[in-house]
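S.K.:
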Amino acid sequence: MALQTVILWIHALAGAGWVAACVCFVIAGLVLSAGGDEQRDFASGAAPRIVRFGLAAALVLLFTGAVNLVLAGIVRSFRFSPEFGSILGLKVVLFVVMFLALRWTLRAAASLPGDGQPAAPSNALAHRMAGMVRAQGAIALMGAVALLLGLWLMGT
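Numbering (the working numbering), first residue to last: 214 to 369.
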């Protein structure tokens with residue numbers, strides 16, 4: 214298997230993994246009762262881990278995307294079609310907005326009480342978790358669009 218193919222697959226899997234993690238976060242966030250013990254357990258345990266996984270996937274996505282662009286440029290003598298440039302530009306904008314939402318979510322996750330910290334008031338926790346669920350949902354939606362644009366990009 215060629216290096217370009219391997220890097221492309223790693224890129225696609227990192228994107229799909231980030232989207233899947235966000236979807237799992239949203240599902241868990243919507244199912245758990247606001248301010249309840251289950252939500253508190255999720256907030257102190259799984260939520261920060263899911264968000265950190267998203268960060269790792271985003272960094273892999275950024276690196277492999279840059280490598281893919283260079284490799285595609287070498288193959289095409291860096292002559293890209295206008296359609297390629299437009300789609301790539303849209304994907305970059307989506308990534309930046311997704312990363313900003315992830316950054317906000319990382320900050321919110323860092324402010325959640327951990328195992329050794331006193332519990333936050335249930336309404337504050339519920340409010341923070343609701344914001345994180347919305348952010349993760351937005352990331353998942355934008356990521357799905359970016360993945361579909363990636364398929365389109367492969368055809369140009």
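Heads up, the beta-carbon is just placed ideally off N, CA and C, and yes, glycines get one too.
Check whether the stretch 301-318 and the stretch 343-355 are in contact - that is, three or more C-beta pairs closer than 8 Å.
M.R.: Contact holds: three or more Cβ-Cβ distances are below 8 Å.
S.K.: Rounded to whole angstroms, what's the CA-CA distance from F238 to I300? Just pull it up for me.
M.R.: If you take the alpha carbons of F238 and I300, they lie about 28 Å apart.
S.K.: Identify, in the order they occur along the chain, each residue of the same chain with its Cβ nearer than 8 Å to the Cβ of S246, setting aside the five sequence neighbours on each side.
M.R.: So the list reads Q252, once near-sequence residues are dropped.
S.K.: Measure the alpha-carbon distance for G344 versus R292 and round it to whole angstroms.
M.R.: Approximately 42 Å, taken between the alpha carbons.
S.K.: Would you tell me roughly how many angstroms separate the C-alpha atoms of A241 and I287, rounded to the nearest one?
M.R.: Between A241 and I287, the C-alpha separation is close to 43 Å.
S.K.: Could you compute how far the alpha carbon of M355 sits from the alpha carbon of A259?
M.R.: Approximately 22 Å, taken between the alpha carbons.
S.K.: DSSP on M214, reduced to helix/strand/coil?
M.R.: Coil, per DSSP.
S.K.: Quick check on A247: does DSSP put it in helix, strand or coil?
M.R.: Note: A247 maps to coil in three-state DSSP.
S.K.: For F312, which of helix, strand or coil comes out of DSSP?
M.R.: Reduced to three states, the DSSP call for F312 is helix.
S.K.: Within 10 angstroms of the Cβ of W231, are there 16 or more other Cβ atoms? Answer buried if so, exposed if not.
M.R.: Classification of W231: buried, given that the 10 Å Cβ count is 16 or more.
S.K.: Should A277 go down as buried or exposed, given a rule of 16 or more other Cβ atoms within 10 Å for buried?
M.R.: With the sequence shown as reference, residue 277 is identified as Thr, and Ala is not the correct amino acid for it. T277 comes out buried.
S.K.: Can H224 and L303 be called in contact, C-beta distance under 8 Å?
M.R.: No; because the gap between Cβ atoms is not below 8 Å, this pair is not in contact.
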